[in-house]
Amino acid sequence: MARHRGKARRFAVISGGALLVVALGVGGAYAAMTGGMARPPAAAGSSTTSSPSASSSSSSSSTTPASTGTPSGQASTGTSSTPGSASSSTTSANADATAAAALATCVTTVRAQQSLATAAAASARDWRLHTDAQRKFDSGTFTVQQTKAQWAASKARGPADLAAWTRAVAAVDRVKGGCAGLATATAGSPAEGAAKKCTARTAALSKVAAAGAVVHRQWAAHLTMMAHKEHTAEAAYLERWAAMVEDAGPALATYRGAAAALARAPACATVPSG
488 MARHRGKARR FAVISGGALL VVALGVGGAY AAMTGGMARP PAAAGSSTTS SPSASSSSSS
548 SSTTPASTGT PSGQASTGTS STPGSASSST TSANADATAA AALATCVTTV RAQQSLATAA
608 AASARDWRLH TDAQRKFDSG TFTVQQTKAQ WAASKARGPA DLAAWTRAVA AVDRVKGGCA
668 GLATATAGSP AEGAAKKCTA RTAALSKVAA AGAVVHRQWA AHLTMMAHKE HTAEAAYLER
728 WAAMVEDAGP ALATYRGAAA ALARAPACAT VPSG
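Start counting the sequence shown at 488; every next residue gets the next number (this note's numbering).
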């Protein structure tokens with residue numbers, strides 16, 4: 488029995504050892520199997536774990552410069568374009584202001600020229616009436632009384648004509664050349680249209696002034712002649728007077744043409760504000 492017990496114990500031990508070996512074997516096999524089966528997930532897990540990191544790294548390395556570059560580029564563009572735009576606006580505003588100032592200067596000149604044209608019209612009116620009275624008398628249209636009446640009326644306005652002309656000439660001299668370069672100064676500006684009108688009018692006024700000056704000189708000369716009539720021989724006086732009447736015709740005709748052109752010329756004014 489003792490032997491059998493000893494055998495039984497040994498068997499049990501052996502059996503236990505065998506079981507342990509079997510268990511270890513089975514466990515190792517299972518571990519090997521599970522290890523083999525788990526490896527892909529582990530690799531996947533490792534890949535998954537490292538992928539966000541790599542992706543994050545890749546994303547940060549690829550997107551960061553792009554995102555940094557784009558706003559930076561945009562900011563740079565905005566920064567460079569804004570001053571340029573402001574500078575362009577300032578330049579345009581300055582150009583418009585210069586054009587407006589040039590137009591205003593021309594308008595001042597035109598107003599002075601207009602006063603001279605008015606003075607020329609007065610001298611032309613009275614010189615025409617004075618010489619026309621002689622022509623009408625010579626043609627038999629006027630009587631002696633009518634002729635003398637028209638002479639007296641025109642002669643009475645003579646001093647006022649002389650004074651008005653002198654004042655107007657002085658006014659023009661103070662602002663002479665105010666329209667020079669106006670076309671260049673206003674080109675492409677809001678004042679360009681008004682400037683063209685002023686340029687046309689100042690040209691017409693200049694022609695009136697030139698023609699009116701001839702007429703006025705003739706009229707002024709005859710007024711002086713009449714003032715000294717008592718000191719002049721009658722024959723010499725009448726001869727000179729006849730020559731004046733003859734010369735007045737072409738001068739008055741030229742003036743009438745210039746005055747008619749002025750009547751057709753556009754008005755000159757500054758550009759309305761607002």
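Built from N, CA and C at the ideal position, the CB exists for glycine as well.
Check	Outcome
G675 to S576 span [Cα, whole Å]	14 Å
Among A643, H718, C685 and W652, nearest to G668 - alpha-carbon criterion	C685
Local Cβ density within 10 Å of Q632, reported as buried at 16 or more and exposed below that	exposed
Local Cβ density within 10 Å of G660, reported as buried at 16 or more and exposed below that	The sequence given here has Asp at residue 660, not Gly. Exposed, since its Cβ has fewer than 16 Cβ neighbours within 10 Å.
Contacts around S693, its chain only, beta-carbon distance under 8 Å, and the 5 residues preceding and following it disregarded	Q600
Nearest to A643 (by Cα), restricted to the options M713, T757 and C593	M713
Straight-line Cα distance separating A696 from S690	Residue identity differs from the one stated: residue 690 is Ala in this sequence, not Ser. When rounded, the distance between both Cα atoms is 10 Å.
For L616 and L710, the rounded distance between their alpha carbons	13 Å
Exposure of L590, with buried meaning 16 or more beta-carbon neighbours within 10 Å	buried
Check whether G744 and A607 have beta carbons under 8 Å apart	no
Exposure label - T673; buried when at least 16 CB within 10 Å	buried
Minimum C-alpha distance to D734 - residue among S602, W706, H715 and T757	W706
Of the listed residues T596, T578, S626 and K623, nearest to Q682 (C-alpha basis)	The sequence shown places Ala at residue 682, rather than the Gln named in the question. Nearest of T596, T578, S626 and K623 to A682, Cα basis: T596.
Cutoff 7 Å; reference P753; Cβ partners in own chain excluding five residues on either side	K684, A687 and R688
As assigned by DSSP and simplified to three states, the class of K663	coil
Same chain, Cβ closer than 6 Å to A765, five either side skipped, listed in chain order	Only positions 488 to 761 of the chain appear in this structure, which leaves residue 765 out of reach.
Cβ-Cβ separation, C593 to G665 (assumed contact under 8 Å), whole Å	5 Å
Status (buried if at least 16 other CB within 10 Å, exposed otherwise) for Y742	buried
Simplified DSSP state of G532, which is helix, strand or coil	In this prediction, G532 has a pLDDT of 40, which is less than 50 and means its spatial position is unreliable; what the coordinates show is noted afterwards. It is helical.
Neighbourhood of A748 by C-beta, 6 Å cutoff - its chain only, sequence neighbours within 5 removed	A691
heavy atom of the ligand GDP below 7 Å from A730 C-beta	Inclusion of the ligand GDP in the displayed structure is not the case, the ligand content being empty and no account of it being possible.
Supposed contact pair H703 and W652 - C-beta distance, whole angstroms, cut 8 Å	5 Å
Straight-line gap, L645 to T671 (C-alpha atoms, nearest Å)	The sequence as given places Gly at residue 645; Leu does not occur at that position. C-alpha separation (whole angstroms): 42 Å.
Sequence-distant residues of its chain with Cβ nearer than 6 Å to A525 (five each side left out)	Caution is warranted here: a pLDDT of 39 is assigned to A525, below 50, making its placement in the model unreliable, and the coordinate value is therefore given only provisionally. Once the five neighbours on either side are set aside, A525 has no close Cβ partner at all.
C-alpha gap between K716 and A640, whole angstroms	18 Å
H715 (DSSP reduced to helix, strand or coil)	coil
Extent of the continuous alpha helix (DSSP H) to which A754 belongs	Unbroken run through A754: none, as it is neither H nor E.
Delimiting residues of the alpha helix (DSSP H) encompassing T673	L669 to T673
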